[in-house]
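Peer 1: After the structure tokens below, expect a handful of questions from me.
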Amino acid sequence: MKADDLVLMPLGLRFMNRRFPCTIGRGGIRADKSEGDGATPAGAHKIVGMLYRPERMARPAPWAMPIRPGDLWSDDGGDAGYNLLVRAPYDHSHEALRRADPLYDLILITDWNWPDVIPGQGSCIFIHQWRRPGYPTEGCIGFQRDHLRWIAARITPGSRLIVRS
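Numbering (the working numbering), first residue to last: 18 to 182.
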């Protein structure tokens, strides 16, 4: 493991010799993740992107990209845009990245099922803000806002999220 790896442990996530409380998917950790199961996939997943809401926060890192009005994430396994950033209007199943709540104000994007997408294996696993302590995600990893900002300011593209089953 490298110093800039995020390592999910039973008592939280370790990064740069600090431990942070976090939440995982309602389906637990699974080695056989599939779309809609709510599970956090086991494995080593690279951090491949960072998105943020520029009207809600300063750029958290030089490589972060702003979330624009109309930015969506496709979760439709039957569409060519599956597991990719797409733009509205978009007639297939998707998640809006610009939300009224702060859940997606800052997103670290992993390479789960990307760039070689396998329909049905599950769309992207994000690292984002949690709803509240202990409240599960749909498979992503959630953090307290200030902890997520601290991590985002120090992480680099290619760092890994390591999730053991």
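From the three backbone atoms N, C-alpha and C, an ideal C-beta is built for every residue, glycine too. Computed from a prediction, not measured in an experiment: that's the story for all the values here.
What span of residues does the beta strand (DSSP E) with Ala61 cover, start to end?
Peer 2: Looking at the DSSP string, the run of the beta strand (DSSP E) that includes Ala61 is 60 to 69.
Peer 1: Going by CA-CA distance only, name the one from Asp118, Asp133, Trp90 that's closest to Tyr107.
Peer 2: Measuring from the Cα of Tyr107, the nearest candidate turns out to be Trp90.
Peer 1: How about the region 48 to 57 and the region 81 to 89: do they share at least three Cβ pairs that are nearer than 8 Å?
Peer 2: No contact exists between the region 48 to 57 and the region 81 to 89.
Peer 1: Helix, strand or coil, according to DSSP, for Leu123 in the structure here?
Peer 2: If DSSP states are grouped into helix, strand and coil, Leu123 belongs with the strands.
Peer 1: Considering just the uninterrupted stretch of the alpha helix (DSSP H) at Asp163, what are its terminal residues?
Peer 2: Unbroken alpha helix (DSSP H) run through Asp163: 162 to 171.
Peer 1: To the nearest angstrom, how far is the alpha carbon of Arg162 from that of Phe37?
Peer 2: Near 11 Å, if we compare the C-alpha coordinates of Phe37 and Arg162.
Peer 1: My guess is that Pro153 and Ile41 are in contact by the Cβ rule of under 8 Å, so how many angstroms apart are they, rounded?
Peer 2: Correct: roughly 7 Å between the Cβ atoms.
Peer 1: Answer yes or no: do Ala59 and Arg181 have a C-beta to C-beta separation smaller than 8 Å?
Peer 2: Against a cut-off of 8 Å, the Cβ pair of Arg181 and Ala59 comes out as a contact.
Peer 1: With burial defined as no fewer than 16 other Cβ atoms inside 10 Å of the residue's Cβ, what is the status of Arg73: buried or exposed?
Peer 2: Counting Cβ neighbours within 10 Å, Arg73 comes out exposed, since fewer than 16 surround it.
Peer 1: What are the partner residues of Arg47, as DSSP defines its beta bridges?
Peer 2: Paired residues: Pro58.
Peer 1: Just the C-alpha distance for Gln146 and Ile124, rounded to the nearest angstrom, thanks.
Peer 2: Rounded to whole angstroms, Gln146 to Ile124 spans 8 Å at the Cα level.
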